[in-house]
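Everything on this sheet refers to the single structure shown next.
Residue numbers (our numbering): 265 to 498.
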């Protein structure tokens, strides 16, 4: 079950059926219990109904969770209890540890049902103007300078030879530094799209060449953003 990318009203970006299913469920596998509880309360407000949060069961699935623990989380589902998998934001199991639960469910022959909802990766690609036929999500770039430079060279090769859009993210407080680095190290004709605060009140989506980005005034620090790179405009 996808969740919102920002604090906007869930009904503005989610099918009402998603909210109804969320409020009917009693068992949840989530990345963060606190934010999951907050989201469910927002769903209840959107549908003008109440929810007894304390009666629900939450399992935490994050980067520290073992495969054995995930199997235990699926016991209610194996017993016939509908179980909701939710991410911290956006779509679960996409650049998200929830994939472990999905894989475990398939191993046990349990039914998996994906629901419609926002994906920051796909929404950014949709709005970038870049190649949507061939693309790759790289996650976070390496922090160590040498490995980071090598990854950027690999991405440039894929863009040039395969016409593949490269998509990646950064820790928000380093967003501005990342743009500066891209402008300094990559060809100026390369195009960069920055999609920030998607579906939120401060949403901005800007596509321009790195040469143009060098001359732009921007501040993306502390704001969730998706970065996309592609070749020069033809």
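Ideal Cβ positions, reconstructed from N, Cα and C, are used throughout, including at glycine.
Inter-residue spacing [alpha-carbon to alpha-carbon] between residue i and residue j
| i | j | result |
| --- | --- | --- |
| residue 419 | residue 303 | 36 Å |
| residue 380 | residue 277 | 10 Å |
| residue 387 | residue 488 | 13 Å |
| residue 368 | residue 497 | 43 Å |
| residue 467 | residue 460 | 6 Å |
| residue 385 | residue 439 | 16 Å |
| residue 374 | residue 401 | 28 Å |
| residue 518 | residue 319 | Any property of residue 518 remains undetermined from this structure, which presents the chain solely from 265 to 498. |
| residue 471 | residue 337 | 42 Å |
| residue 366 | residue 478 | 42 Å |
| residue 282 | residue 270 | 17 Å |
| residue 428 | residue 473 | 16 Å |
| residue 288 | residue 446 | 46 Å |
| residue 236 | residue 312 | Residue 236 is absent from the model: the chain starts at 265 and stops at 498. |
| residue 437 | residue 322 | 30 Å |
| residue 454 | residue 491 | 13 Å |
| residue 486 | residue 354 | 18 Å |
| residue 463 | residue 481 | 22 Å |
| residue 509 | residue 417 | Examination of residue 509 is not possible in this model, given that the chain is present from 265 through 498 alone. |
| residue 426 | residue 476 | 24 Å |
| residue 413 | residue 423 | 15 Å |
| residue 272 | residue 292 | 22 Å |
| residue 493 | residue 441 | 16 Å |
Residue(s) in a DSSP beta bridge with residue i
| i | result |
| --- | --- |
| residue 400 | 430 |
| residue 492 | 431 and 457 |
| residue 350 | 294 |
| residue 286 | DSSP output for residue 286 lists no bridge partner at all. |
| residue 322 | 292 |
| residue 267 | 354 |
| residue 473 | 455 |
Integer-rounded CB distance, given that residue j should sit under 8 Å from residue i
| i | j | result |
| --- | --- | --- |
| residue 396 | residue 359 | Not confirmed; about 18 Å, so no contact. |
| residue 457 | residue 443 | Going by Cβ atoms, the distance from residue 457 to residue 443 rounds to 11 Å, so no, they are not a contact pair. |
| residue 351 | residue 295 | 6 Å |
| residue 406 | residue 415 | 6 Å |
Nearest residue (CA-CA) to residue i, options the options
| i | options | result |
| --- | --- | --- |
| residue 327 | 409, 406 and 363 | 363 |
| residue 371 | 322, 342 and 274 | 342 |
| residue 297 | 345, 394, 476 and 349 | 349 |
| residue 376 | 398, 345 and 316 | 345 |
| residue 382 | 406, 393, 356 and 399 | 356 |
| residue 305 | 321, 475 and 274 | 274 |
| residue 310 | 423, 411 and 286 | 286 |
| residue 268 | 290, 292, 299 and 494 | 299 |
| residue 410 | 449, 378, 481 and 391 | 449 |
| residue 431 | 292, 361 and 390 | 390 |
| residue 315 | 290, 413 and 294 | 290 |
| residue 484 | 435, 451, 495 and 494 | 435 |
Cutoff 7 Å: residue i Cβ touching any chain D Cβ
| i | result |
| --- | --- |
| residue 400 | Among the chains of the structure shown, chain D does not appear; only one protein chain is present. |
Any non-hydrogen atom of the ligand FMN within 6 Å of residue i CB
| i | result |
| --- | --- |
| residue 363 | Although the ligand FMN was asked about, the structure shown includes no ligands whatsoever. |
For this session: Scan the region 417-469 and note each continuous beta strand (DSSP E) run of 3 residues or more that stays entirely inside, going in chain order.
Result: 429-433 and 455-460
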